[in-house]
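Enquirer: I am attaching a structure below and will ask some questions about it afterwards.
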Amino acid sequence: MDYQLVPMDKSHLKEVAELDKELFTRPWSADSWESELYNDTVSLVVAEDPDGGVLGYGVLGVILDEGCLEKIAVRPDCRRKGVAQAILGSFLRYGEEHLAYIGLEVREDNSPAIALYEKNGFTAVGRRKNYYAEVHKDAILMDKVFREVTP
Ligand SMILES: CC(C)(COP(=O)(O)OP(=O)(O)OC[C@H]1O[C@@H](n2cnc3c(N)ncnc32)[C@H](O)[C@@H]1OP(=O)(O)O)[C@@H](O)C(=O)NCCC(=O)NCCS
Numbered sequence: 004m005d006y007q008l009v010p011m012d013k014s015h016l017k018e019v020a021e022l023d024k025e026l027f028t029r030p031w032s033a034d035s036w037e038s039e040l041y042n043d044t045v046s047l048v049v050a051e052d053p054d055g056g057v058l059g060y061g062v063l064g065v066i067l068d069e070g071c072l073e074k075i076a077v078r079p080d081c082r083r084k085g086v087a088q089a090i091l092g093s094f095l096r097y098g099e100e101h102l103a104y105i106g107l108e109v110r111e112d113n114s115p116a117i118a119l120y121e122k123n124g125f126t127a128v129g130r131r132k133n134y135y136a137e138v139h140k141d142a143i144l145m146d147k148v149f150r151e152v153t154p
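Right under this line is the structure:
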């Protein structure tokens, strides 16, 4: 599949917001996406096809040396071709250089995402009961540690 990873910009916003609405039960609004573009504490990456179309996107929040994978998603017709792996890989390379760890939350029944995270060395460290109350599902908390932080 022909694509490159690029920083998200205004040209991607409409497609990203539409995909987000289609894929997540708690999507970000178009306004939130736009304001994230100007948020210095997040890195927004798009897998872009040669025509500028969005195949997938990811958002990594960073505060000091702590990372939080806030979003990762791939268009349904582009899945199982390594797009999420490429996006996550770019965040992990950044993490290895600059972060102590990256944490995330995933719905307990989201087996594709859990498989992606486990393949990349994330481990389950906790659970938030009924976090997705609208569907009566827990969130699994996972993280990948790059270096131990001494308290
Ligand atoms: C989870 C998601 C991002 C994976 O995207 P993708 O581009 O299809 O994933 P990749 O092709 O890069 O897969 C990388 C690895 O993830 C795992 N994986 C991905 N999809 C999987 C599936 N349906 N079943 C089992 N493992 C899967 C595999 O380990 C895979 O490696 P492999 O192909 O060598 O077996 C995608 O399914 C998605 O957008 N889901 C909806 C949004 C979402 O739930 N995001 C996560 C929120 S926490």
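Read in order, the letters of the sequence shown are residues 4 to 154 in this note's numbering. Glycine included, every Cβ here is placed at the ideal spot set by N, Cα and C.
1) Inspect the beta-carbon positions of D39 and V57 and report whether they are closer than 9 Å.
2) Around the Cβ of H15, are there at least 16 other Cβ atoms within 10 angstroms (buried) or fewer (exposed)?
3) Rounded to whole angstroms, what's the CA-CA distance from V49 to L8? Just pull it up for me.
4) Taking the CB atoms as reference points, tell me whether R110 and D146 lie closer together than 9 Å.
5) Measuring alpha carbon to alpha carbon, tell me which of Y60, M11, Y97 and K24 ends up nearest N42.
6) Given a cut-off of 9 Å on the beta-carbon distance, is the pair I143 and E99 in contact?
7) Looking at the secondary structure, which residues open and close the alpha helix (DSSP H) in which G98 lies?
8) Please state whether the Cβ-Cβ distance between L22 and A76 is less than 9 Å.
9) Can you give the beta carbon distance from I105 to G70, rounded, assuming they're within the 8 Å contact cut?
10) Quick one, are the C-beta atoms of P53 and D112 less than 9 Å apart?
11) In angstroms, rounded to a whole number, what distance separates the CA positions of K24 and A33?
12) Would you say D146 lies against chain B (beta-carbon separation less than 9 Å)?
Expert: This is what the structure holds:
1) Note that residue 39 corresponds to Glu in the displayed sequence, not to Asp. Not in contact: E39 and V57 (Cβ atoms no closer than 9 Å).
2) buried
3) 6 Å
4) No, the pair does not count as a contact, with Cβ atoms beyond the cut-off.
5) Of the listed residues, the one whose Cα sits closest to N42 is M11.
6) no
7) V86 to H101
8) yes
9) With 8 Å as the limit, I105 and G70 qualify as a contact, their Cβ atoms being about 4 Å apart.
10) no
11) 9 Å
12) The question asks about chain B, but that chain is absent: this structure has only one protein chain.
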